[in-house]
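Protein chains in written order, with our numbering: chain V, 1 to 509; chain Z, 1001 to 1425.
C-beta: ideal position from N, C-alpha, C; glycine also.
Take a look at the structure set out below.
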Amino acid sequence: MKLSVWTYEGPPHVGAIRVATGMKRVHLVLHAPQGDTYADLLFTMIERRNHRPPVTYTTFQARDLGSDTATLFKDACLEAYERFKPDLLLVGASCTAELIQDDPGGLAEALGLPVPVVALELPSYQRKENFGADETFYQIVRKLAHPVERSAEITCNLIGPTALGFRHRDDIVEITKLLSELGVQVNVCAPMYATPDDIANLGRAHFNVLMYPETGETACRHMERTLGLPFTKTVPIGVSATNEFVDEVLGLIGRARSECSVDSRLPWYSASVDSTYLTGKRVFIFGDGSHVMTAARIAKEEIGFDVVGMGCYNRELARPVRAMAKELGLEALITEDYLEVEAEIADLSPELILGTQMERHIGKRLGIPCAVISAPVHVQDFPARFSPQMGAEGANVIFDTWVHPLVMGLEEHLLTMFREDFEFSDTAGPSHHAAHSPNQEIVDQPTSIAASDQSANIIWLSDAEKELRKIPFFVRGKARRNTEKYATDHGVAQISIETLYEAKAHYAR
Amino acid sequence: MPNDLSPSACSAAPILKERGQHEVFCGLTSIIWLHRKMQDAFFLVVGSRTCAHLLQSAAGVMIFAEPRFATAILEETDLAGMADAHQELERVVSDLLSRRSDIKRLFLVGSCPSEVIKIDLATMAKKLSQKYHPDVNVVNFSGSGIETTFTQGEDACLEAVIRDLPNDDKTQLAVLGALPDVVQDQMMRLFTDMGIDDVLVLPQQTAGIPAGVGKNTHFICAQPFLGAAYDEMVRRGANAIHAPFPFGANGTTEWLAAIAKRFGIDQDKFDAATAGPKARAERAIAKVSETLAGRSIFFFPDSQLEVPLARFLSDECGMKLTEVGSPYIHRALVGEDLKLIEHNAVISEGQDVEKQLDRVTACNPDLTVCGLGLANPLEAQGLSTKWAIELVFSPIHFYEQAADLAGLFARPIVRSDLLKVGGAI
């Protein structure tokens, strides 16, 4: 039993729904109690989909358990087939139906429907959402994709995008454009937008582009074995990664490697002098493994941040995330417990968090700016405008998104120079965030998790308190915590101006 | 058609009963407002990852003050042996209570998986109550989807709370149902003005105030979904007061009048207490109903508020009812509202969502009240919709909220009239 308040991933059947909803002409019949239909609103509300997910829930009740839930399932299958006439029927069970062991796969097979049926095994008490998506897509490919004649022109498949994915919609457009510039056409994009017929034609391509390892890797490995399709290993997020991805694609199609870099504004924006203030900003990165690893590289090599902590919630990618963290001299935080993540962030006091919607909330509580880089995300992370993460435009979007929560370079200098001028009230916050200026009360409070225990017995002398207020607000919380930590570590009971500057020197980088 | 049907004729009115896919939340969803209302209570769901995911998704946005609810997620090992599951739960509760000393009431909330594998949470609650007595009272109820629909979670919670109350034979009024604080305060002022001072509101905000029920308790429901709590009160010897629910000027007046009648309040005193706010509410409703009058409305089953709200919208705002769907129709509770609408609407109970979607398409109403899963698909089809869940989160009861309530229904219509770029796809 694991006590959980918020979860990074839903149960595996939500992963199956993400695949079914991304595809066309597919229907999923899910053996599930009433209430599990809440999953529909993830798609209709958060992603603003204009259609219900193609899912029929049997919605059995307690009184059905005594009689015949199997018949209920069979009737639901038949009615769903008659009403929606899908080309492929998926059947599975949610957590409760798994316990009553009705065998949806066997029941559906016995109905003799004139379309292929894929029975999904979704172990709800062991696995989670990403596994559910990866497994569902793999089972569909396994059932429908067989060797076919290669296309005459060079083509590839885009593998991994699903409904409710973080920027999947726009990444598909950006990568399709990039590939087309390399002379490679897209054969099939799947699961998103693919029909069962498209799945049968996956083998026409010359190789696969694995966009999202979380949801497409098992299928890619299967296609490598059975269809002879190699797949790309680089996730093209960031300038360097996109360049490497281009090289990887050119290698796969037997063309000479390219000398020129992708056409992104990120390198110049990073080099321009206003970005000087980004140097060494301490960032903490958390999310799904793939996005975290790409983000860590961009943070360090392309923007010049200092990565002070990183980790992921999906254990499937724990190994590479740990390895990368080690290269950066860090120990990766692999957990699905947001309280652990919050404690780590409070402890590290970074200047910027790159995370999921959970970290955005943590950042709000701790008064630390946050940019979202990974699922799970909320409605505001499905913007109306084109905003991919991948390719050249993705790098532009990332530069803007990560820098936006921070106070701008020139402004930071002005605040420091004029902080005692009443017109530069530092409670106003960054000038481009009129509606989001941090609440001083909250920012200044020692956070409940961070310093509260240790600072309980420490007294701030009034001179030191005054001096602290002269420090710009966006680093004041950190200065307070660092000073209190320094005082605790050095057995100082009263914080004077001296202590404040001793601590400043101690933590200087 | 006049509304003069006798109760016996009403109960004979046909209700369209359906069984098929239910597009509704389970009772666990009630925790989202219950935990805000009961400030010393913690709700511990014993369930699966799905339960935890539901709670955070249904909340829409995450309420990030550390919430007073959580899920003890069952894992493979918990399914293997029952003794282990009980031990595990004891450990989780002990961890929780040591971290949160502010908790005075702990609800162990059953879920679909805990019900199916028959974890005995009732016995666990008794055992834990003894262990943590007198600091923490541990109570069990079920919010599982196999037994409860959406607001029935509050019903089950309240039923458990009432079962635990001691006997008290003093004459008092009891009001059942969680109301927003501002609304509850207005209600209490109305009672004071009417001369009724001994009022017990359940659920109580904190456990500290002594409360009991007995044969001289006269109770009324402020929410229409409290069938089991109602039955439990009757079982405890309390006397039910029946009235339309307090939505709008008329609904509120009728509801208060039924209480006044039971407590023998004279008409002058009643009028003095209600005439002012009633007139104010009527004036405010009149403005908003300009948008609503003559428009048609269709209710998908969701919170069980459908029948009383349909009564308000047709009776006080001039809307035309088409279908009024509700997960359950408790005649003992909504009978008074039902008899005011059933002659001019199709009343449906239960759900087959696909068939109901066919009906809403055929009927093409001006406004459709439905759950979050259906709203955007229907908007894309060109229908204006009102999210039903907002109705359980917003202050909508009594005189001062009457126009706000009408406004919740007017806003989508006003909006679709405003937009000139066409949202339908």
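Which residues DSSP lists as bridging residue i, in chain order
| i | result |
| --- | --- |
| residue 306 of chain V | V:282 |
| residue 312 of chain V | V:287, V:334 |
| residue 1018 of chain Z | Z:1350 |
| residue 298 of chain V | None, per the DSSP bridge assignment. |
| residue 1386 of chain Z | Z:1369 |
| residue 390 of chain V | V:237 |
| residue 1173 of chain Z | Z:1199, Z:1218 |
| residue 3 of chain V | Z:1072 |
| residue 1213 of chain Z | Z:1167 |
| residue 1026 of chain Z | Z:1149 |
| residue 1108 of chain Z | Z:1044, Z:1140 |
| residue 210 of chain V | V:159 |
| residue 459 of chain V | V:494 |
| residue 1270 of chain Z | None, per the DSSP bridge assignment. |
| residue 231 of chain V | V:208 |
For residue j and residue i, believed in contact at Cβ under 8 angstroms, the rounded distance
| i | j | result |
| --- | --- | --- |
| residue 374 of chain V | residue 166 of chain V | 6 angstroms |
| residue 1388 of chain Z | residue 1370 of chain Z | 6 angstroms |
| residue 90 of chain V | residue 118 of chain V | 5 angstroms |
| residue 60 of chain V | residue 69 of chain V | 5 angstroms |
| residue 248 of chain V | residue 204 of chain V | Contact doesn't hold; Cβ gap of about 21 angstroms is too wide. |
| residue 392 of chain V | residue 263 of chain V | 5 angstroms |
| residue 310 of chain V | residue 286 of chain V | 7 angstroms |
| residue 390 of chain V | residue 253 of chain V | Going by Cβ atoms, the distance from residue 390 of chain V to residue 253 of chain V rounds to 19 angstroms, so no, they are not a contact pair. |
Exposed unless 16 or more other CB atoms sit within 10 angstroms - verdict on residue i
| i | result |
| --- | --- |
| residue 260 of chain V | exposed |
| residue 198 of chain V | buried |
| residue 1234 of chain Z | exposed |
| residue 1101 of chain Z | exposed |
| residue 12 of chain V | buried |
| residue 185 of chain V | exposed |
| residue 457 of chain V | exposed |
| residue 1094 of chain Z | exposed |
| residue 526 of chain V | Since the displayed chain V opens at 1 and closes at 509, residue 526 of chain V lies outside it and no answer follows. |
| residue 511 of chain V | Examination of residue 511 of chain V is not possible in this model, given that chain V is present from 1 through 509 alone. |
| residue 1022 of chain Z | buried |
| residue 1113 of chain Z | buried |
| residue 1134 of chain Z | exposed |
| residue 281 of chain V | buried |
| residue 1167 of chain Z | exposed |
| residue 128 of chain V | buried |
| residue 1031 of chain Z | buried |
| residue 1283 of chain Z | exposed |
| residue 1099 of chain Z | exposed |
| residue 379 of chain V | exposed |
| residue 1138 of chain Z | buried |
| residue 201 of chain V | buried |
Residues that residue i contacts on chain C, provided the C-beta gap is smaller than 7 angstroms
| i | result |
| --- | --- |
| residue 1025 of chain Z | The chain labelled as chain C is not found among the protein chains of the depicted structure, namely V and Z. |
Discussion item. For the pair the segment 169 to 183 of chain V and the segment 115 to 127 of chain V, tell me if three or more CB-CB distances fall below 8 angstroms.
Written reply: No, they do not touch.
Discussion item. Contact between the segment 1117 to 1137 of chain Z and the segment 43 to 51 of chain V is defined here as three or more beta-carbon pairs at a separation below 8 angstroms; is this criterion met?
Written reply: no
Worksheet entry | Segment contact flag, the segment 1338 to 1349 of chain Z with the segment 1270 to 1279 of chain Z, C-beta cutoff 8 angstroms, min 3 pairs | Segments in contact, no.
Worksheet entry | Complete beta strand (DSSP E) runs within the segment 1128 to 1162 of chain Z (minimum length 3 residues, chain order) | 1137 to 1142
Discussion item. So, does the segment 1348 to 1365 of chain Z touch the segment 1377 to 1385 of chain Z, judging by three or more C-beta pairs under 8 angstroms?
Written reply: Yes, since at least three Cβ pairs between the segment 1348 to 1365 of chain Z and the segment 1377 to 1385 of chain Z fall closer than 8 angstroms, the two stretches touch.
Fill in: Complete runs of the beta strand (DSSP E) confined to the segment 70 to 121 of chain V [at least 3 residues]
88 to 93, 117 to 119
Discussion item. For the structure I just gave you, are there three or more beta carbon pairs, one from the segment 1322 to 1335 of chain Z and one from the segment 1406 to 1423 of chain Z, closer than 8 angstroms?
Written reply: Here the segment 1322 to 1335 of chain Z makes no contact with the segment 1406 to 1423 of chain Z; the two share fewer than three CB pairs at distances below 8 angstroms.
Worksheet item: Hey, which unbroken runs of the alpha helix (DSSP H) at 4 residues or more fall wholly within the segment 326 to 381 of chain V?
Response: 338 to 348, 357 to 366
Fill in: Contained beta strand (DSSP E) runs [length at least 3] in the segment 1283 to 1329 of chain Z, N- to C-terminal order
1296 to 1299, 1320 to 1326
Practice prompt. With a floor of 4 residues, list each alpha helix (DSSP H) that falls wholly inside the segment 13 to 78 of chain V, ordered by position along the chain.
Written response: Those alpha helix (DSSP H) runs which fall completely within the segment 13 to 78 of chain V and span 4+ residues are 62 to 66.
Discussion item. Give the list of continuous alpha helix (DSSP H) stretches no shorter than 4 residues that lie fully inside the segment 1215 to 1258 of chain Z.
Written reply: 1227 to 1235
Discussion item. With a threshold of 8 angstroms, are at least 3 pairs of Cβ atoms found where one atom belongs to the segment 1234 to 1244 of chain Z and the other to the segment 1256 to 1263 of chain Z?
Written reply: The answer is yes - the segment 1256 to 1263 of chain Z touches the segment 1234 to 1244 of chain Z, with three or more Cβ pairs under 8 angstroms.
Discussion item. Would you call the segment 1144 to 1152 of chain Z in contact with the segment 1163 to 1181 of chain Z, where contact means no fewer than 3 C-beta pairs closer than 8 angstroms?
Written reply: no
Worksheet item: Just checking, does the segment 95 to 112 of chain V make contact with the segment 1042 to 1061 of chain Z on the three C-beta pairs under 8 angstroms criterion?
Response: At 8 angstroms Cβ cutoff, the stretches touch.
Item to complete: Pick out the complete alpha helix (DSSP H) segments inside the segment 147 to 202 of chain V, 4 residues or longer, and give them in chain order.
Response: 168 to 181, 196 to 200
Discussion item. Using 8 angstroms as the cut-off, can you tell me whether the segment 208 to 215 of chain V makes contact with the segment 149 to 162 of chain V, which would need three or more C-beta pairs spanning the two stretches below that distance?
Written reply: yes
Worksheet entry | contact_flag[the segment 351 to 363 of chain V, the segment 216 to 232 of chain V] where n(CB pairs < 8 angstroms) is 3 or more | no
Item to complete: Would you check if there are 3 or more beta carbon pairs closer than 8 angstroms linking the segment 1310 to 1329 of chain Z to the segment 1286 to 1301 of chain Z?
Response: Result yes; three or more Cβ-Cβ pairs closer than 8 angstroms.
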